[in-house]
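Structure first, then comments.
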Amino acid sequence: MEHFVAEEMRRLIDKYRERKNEDLMKLTYEFVKDALHPEPGREDKLYRLEHSLRVALWGKKIAEGEGWDPEPLVIACLLHDIGYVESWKNGAYGAHHHYSRFIAEEYLEAMGYDPEEVKKIGVAIVLHAVSSPTENPELFKNASPFELSVWDADDLDRYDEMRMIMNANRDIGELTAADLKKVAENRLSLAVSSKDRICGTETARKYWLEEMAEGRRLYERLIAQMDHTWEMEQWLAGKRL
Ligand SMILES: [Fe+2]
Ligand SMILES: [Fe+2]
Numbered sequence: 011m012e013h014f015v016a017e018e019m020r021r022l023i024d025k026y027r028e029r030k031n032e033d034l035m036k037l038t039y040e041f042v043k044d045a046l047h048p049e050p051g052r053e054d055k056l057y058r059l060e061h062s063l064r065v066a067l068w069g070k071k072i073a074e075g076e077g078w079d080p081e082p083l084v085i086a087c088l089l090h091d092i093g094y095v096e097s098w099k100n101g102a103y104g105a106h107h108h109y110s111r112f113i114a115e116e117y118l119e120a121m122g123y124d125p126e127e128v129k130k131i132g133v134a135i136v137l138h139a140v141s142s143p144t145e146n147p148e149l150f151k152n153a154s155p156f157e158l159s160v161w162d163a164d165d166l167d168r169y170d171e172m173r174m175i176m177n178a179n180r181d182i183g184e185l186t187a188a189d190l191k192k193v194a195e196n197r198l199s200l201a202v203s204s205k206d207r208i209c210g211t212e213t214a215r216k217y218w219l220e221e222m223a224e225g226r227r228l229y230e231r232l233i234a235q236m237d238h239t240w241e242m243e244q245w246l247a248g249k250r251l
């Protein structure tokens, strides 16, 4: 995709250029907040900002677990979805990660950041949404642990309790016990197969397995609850177990 940064964004970057000696993680958060511009009635913008904060927290935890300096990964995570600014205008949500990369690179260059680090951050940002290891195994195989870590941090935020509730909202209603059991079994098999997801680091893998275990626990309990329906029916029918 051709390099693109909107004029408005360039003006914002120029404003921040004057403050480049301040703490870069704090400054980057302010920059992202300014760019996403959450406003009343646009909860999607606030969601994007808050999601970026949570992803940055996962990035910080991964970096700490791996003994890395947290700054580059926290910055990459904060910036990973900033490209929504363009996608909101043109509807190209499937390209948001490319816009994010272009903006992040121009912003970090303006901040005088190490060009090698800028390059790594750019790749990590694009990788978070470019495809999946099944669609593009080579790309993921050749990526460094750092380059995979924004993708890991993003998924760690998206597959936690929030995703379970979003899924539940979609497929769990006033269903019969048999139907609800089927839904739970499908979700359970997904949670089981997702445990093989490759991760950039051992730290991300540890957190990922914890999240999947939470999902498994929830759906196993749901299946057990549905089974209790028939247990009671049998008990009432005189088959006192
Ligand atoms: Fe994204
Ligand atoms: Fe994201």
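The opening residue of the sequence shown carries number 11 in the working numbering; numbering runs sequentially from there. Every residue, glycine too, gets a C-beta built ideally from N, C-alpha and C. All figures in this text were calculated on a predicted structure; none of them were measured in a lab.
For residue i, the three-state DSSP class (helix, strand or coil)
i: L83; result: helix
i: M19; result: helix
i: A247; result: coil
i: S97; result: helix
i: K30; result: coil
i: L185; result: coil
i: W102; result: Before going further, note that residue 102 is Ala rather than Trp in the sequence given. In the structure shown, A102 sits in coil (DSSP, three-state: anything other than H, G, I, E or B).
i: G69; result: helix
i: E145; result: coil
i: E171; result: helix
i: E241; result: helix
i: T211; result: coil
i: I233; result: helix
i: G75; result: helix
i: I113; result: helix
i: H108; result: helix
Boundaries of the alpha helix (DSSP H) in which residue i is found, first to last residue
i: S159; result: P155 to R168
i: R52; result: That residue, R52, is in no alpha helix (DSSP H); it is neither H nor E in DSSP.
i: H138; result: P125 to V140
Cβ-based burial, residue i [other Cβ within 10 Å; buried from 16]
i: T186; result: exposed
i: H13; result: exposed
i: E221; result: buried
i: I175; result: exposed
i: V136; result: buried
i: E115; result: buried
i: S203; result: exposed
Below-8 Å beta-carbon distance, residue i vs any chain C residue
i: T144; result: Reference to chain C is not applicable here, since this structure consists of a single protein chain.
(message) Whether or not the stretch 106–116 and the stretch 11–25 are in contact is what I'm after, with contact meaning three or more pairs of Cβ atoms, one per stretch, closer than 8 Å; do they touch?
(response) yes
(message) With three or more beta-carbon pairs closer than 8 Å as the criterion, would you say the stretch 155–167 touches the stretch 85–105?
(response) yes
(request) Taking 8 Å as the threshold, find out whether the stretch 135–152 comes into contact with the stretch 32–42 through three or more Cβ pairs. (result) no
(request) Check whether the stretch 89–105 touches the stretch 73–80, taking contact to mean three or more Cβ pairs, one atom from each stretch, closer than 8 Å. (result) no
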